[in-house]
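Just remember that my numbering sits 164 ahead of the position in the sequence shown, which is counted from 1. Glycine residues also receive a C-beta, built at the ideal position from the N, C-alpha and C atoms. Computed from a predicted model, the values in this text were never measured in an experiment.
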Amino acid sequence: MPAREYIEAVLHEIQVHSPGQVEFYQAAEEVLHSLLPLLEEEPKYMDQNILRRIVVPERTIIFRVIWTDDAGKPRINLGYRVQFSSTLGPYKGGLRFHPSVNLGIIKFLGFEQIFKNALTGLSIGGAKGGSNFDPKGKSDNEVMRFCQAFMNELYRHIGQTHDVPAGDIGVGAREIGYLFGQYKKLTGRFEGILTGKNLRWGGSNTRREATGYGSVYFAENLLNAHGEEIKGKICTVSGAGNVAIYTIEKLRSMGAVPVSCSDSKGTVHHPGGINVETLKAIKEVNRGSLEEYARLHPDATYIPLHEYPEGGHAVWNIPCDVAFPSATQNELTLVDARHLVSNGCQLVNEGANMPTTPEAINYLQKHGVLFGPAKAANAGGVAVSQLEMAQNASMEHWSFAEVDTRLFAIMKNIFDTAHTTAEAYGSPGNLIVGANIAGFKKVADAMIDQGAV
Ligand code: NDP
Ligand code: 2IT
């Protein structure tokens, strides 16, 4: 069967077997279409039926989570852990707590994670988990009880050489602490079964900063390859969480001007540059709304979400040289891509997972905008998670500078790999193709080595 037909057949089967999982289908479609030149050159992947094998998780765990709210009422949520691939190492990937979480969302994230983790060059498999629990508006005690109830089931499925979850949307230092405490209580063991732990009890320096810093390091490498640098660039950033905050911090320290951030209610535009301390105080300490930012900085503008009627997002209508979507999936649409192009944007660098819709990517590429795809550009977080695992295993604790230096080297290597692979397979400059083929090849070759299991 010709490679093109094989790819379409596998995609068709996903639609039949996973109906309604639109985000998973979107992620799979992008990866599989990228693989055409590889499959045409190397039929062994079709002979071994690798595509059909890789799109099905090794294990899918769905469980009920019952916790008690502050009024004493039992509440019910769903918990997920999709252990997608253990080919390259223990299952590895974050946990997301957000009301939009469902099996299709976790599968898209887990699928992306396989190739992202392969690209880091480290020994980690791919997984993702989470819950439709909404931490917003919940007290610390409610969040703690939820995390404990979630771990009451999850603990039997994880382990430091088996599956090591971490944070993602809605899961940060607070949640990792409660989850870790409950694992220890249940098992009586102090083990590195989660990453993103507090520095005082087994965490790694630079893990908190790693995704954002890594995203900027990736952008710098990409710009350097085109004779440019991040220094002096006007940058728009969406989101106001872990990835966005440390993207903004690193942009400032490298001499760029990050002029925006956004949350689920609105966008801040601060032409002089976002004040990182104010942002951290509002979001990390007070868990507040960005509305407050403009009150504290009168030269900044706040645009509430409902006051932006054009079907796109206000943050992408702010003129910039580089855009860093760092909030959530499909947040940058075709309307936004048109605004970015007409405002002269040179590079879109994905900090979030799958933040750009396929139509928007197509438009950006047609108009010569450089593109740093998520599974390459945001791999710094999981890479430092693996460094946390290495430190836990050897009972060492490396300095901030040591981890940051390794992170920089890993991001450079990911860029070089995606760049040279794109060239080798006939799509010079197309880092989507380069990242997908390079990540896939690494996993697929190991799958063949390990036999049909
Ligand atoms: P956080 O929960 O820390 O922050 C998410 C931010 O995005 C918040 O400011 C949130 O607003 C905003 N947001 C706006 N719209 C939405 C929406 N519809 N759904 C969810 N959030 C929304 O998450 P992270 O910064 O950790 O993650 C951001 C993105 O980066 C995600 O795509 C994640 O998968 C990806 N990522 C994260 C990594 C990590 O190490 N944390 C690693 C690699 C990728 P509000 O403040 O109002 O809640
Ligand atoms: O999407 C991601 O790469 C993450 N949320 C981080 C995963 C991890 O295990 O550190």
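{"Asked": "Boundaries (first-last residue) of the alpha helix (DSSP H) holding Asp327", "Found": "First-last for Asp327: 327-330, but that is the beta strand (DSSP E), not the alpha helix (DSSP H)."}
{"Asked": "The stretch 535-545 in contact with the stretch 598-612 per 3-pair CB rule at 8 Å", "Found": "yes"}
{"Asked": "The stretch 393-404 / the stretch 562-572 touching (three or more Cβ pairs under 8 Å)", "Found": "no"}
{"Asked": "Three-pair Cβ contact test at 8 Å for the stretch 478-498 versus the stretch 297-306", "Found": "no"}
{"Asked": "Val546 Cβ short of 7 Å to the ligand 2IT heavy atom set", "Found": "yes"}
{"Asked": "Three-pair Cβ contact test at 8 Å for the stretch 281-294 versus the stretch 349-357", "Found": "no"}
{"Asked": "Among Ala588, Lys348, Tyr189, nearest to Asn316 - alpha-carbon criterion", "Found": "Lys348"}
{"Asked": "Cα-Cα separation between Leu363 and Ser453, rounded to whole angstroms", "Found": "27 Å"}
{"Asked": "Distance between Gly593 and Tyr466 (C-alpha atoms, nearest Å)", "Found": "36 Å"}
{"Asked": "Residue from Gln550, Ala464, Thr521 whose Cα sits closest to the Cα of Ala501", "Found": "Thr521"}
{"Asked": "Nearest candidate by alpha-carbon position, reference Pro435, set Lys447, Ala420, Glu448, Glu441", "Found": "Ala420"}
{"Asked": "Helix, strand or coil at Gly258 [DSSP, three-state]", "Found": "strand"}
{"Asked": "Exposure of Glu514, with buried meaning 16 or more beta-carbon neighbours within 10 Å", "Found": "buried"}
{"Asked": "8 Å Cβ cutoff met for Gly508 and Pro468", "Found": "no"}
{"Asked": "Strand pairing of Trp231, partner residues [DSSP]", "Found": "Arg239"}
{"Asked": "Leu511, DSSP secondary structure in three states", "Found": "strand"}
{"Asked": "Every unbroken alpha helix (DSSP H) inside the stretch 387-438 [4 residues or more]", "Found": "406-417"}
{"Asked": "Coil, strand or helix - Ile612 by DSSP", "Found": "helix"}
{"Asked": "Residues of its chain near Lys444, where Cβ-Cβ distance is below 7 Å and the 5 sequence neighbours each way are ignored", "Found": "Ile409"}
{"Asked": "Run of the alpha helix (DSSP H) containing Ala167, from where it starts to where it stops", "Found": "167-181"}
{"Asked": "For Gly323, the residue or residues it bridges with in DSSP", "Found": "Asp327"}
{"Asked": "Cβ distance (whole Å) where Leu175 is taken to contact Ala192 below 8 Å", "Found": "7 Å"}
{"Asked": "Check whether Ala374 and Leu571 have beta carbons under 8 Å apart", "Found": "yes"}
{"Asked": "Where Ala516 falls, given that 16 or more other Cβ within 10 Å makes a residue buried", "Found": "buried"}
{"Asked": "Cβ separation of Gly366 and Asn556, assumed to be a contact under 8 Å, to the nearest whole Å", "Found": "6 Å"}
{"Asked": "Short Cβ contact (8 Å threshold) for Ile270 with Lys292", "Found": "yes"}
{"Asked": "7 Å CB neighbourhood of Gly274 in its chain, flanking five on each side removed", "Found": "Pro221, Val246, Phe248, Gly257, Gly290, Ala291, Lys292"}
{"Asked": "Unbroken alpha helix (DSSP H) run spanning Ser280, endpoints", "Found": "Contrary to the premise, residue 280 reads as Lys rather than Ser in this sequence. Start and end: 267-283."}
{"Asked": "Pro489 - partner residues in DSSP beta bridges", "Found": "None, per the DSSP bridge assignment."}
{"Asked": "Val407 Cβ short of 7 Å to the ligand NDP heavy atom set", "Found": "yes"}
{"Asked": "Sequence-distant residues of its chain with Cβ nearer than 8 Å to Thr442 (five each side left out)", "Found": "Tyr457, Leu460, His461"}
{"Asked": "8 Å Cβ cutoff met for Glu413 and Val432", "Found": "no"}
{"Asked": "Residue interval of the beta strand (DSSP E) (run including Leu534)", "Found": "534-536"}
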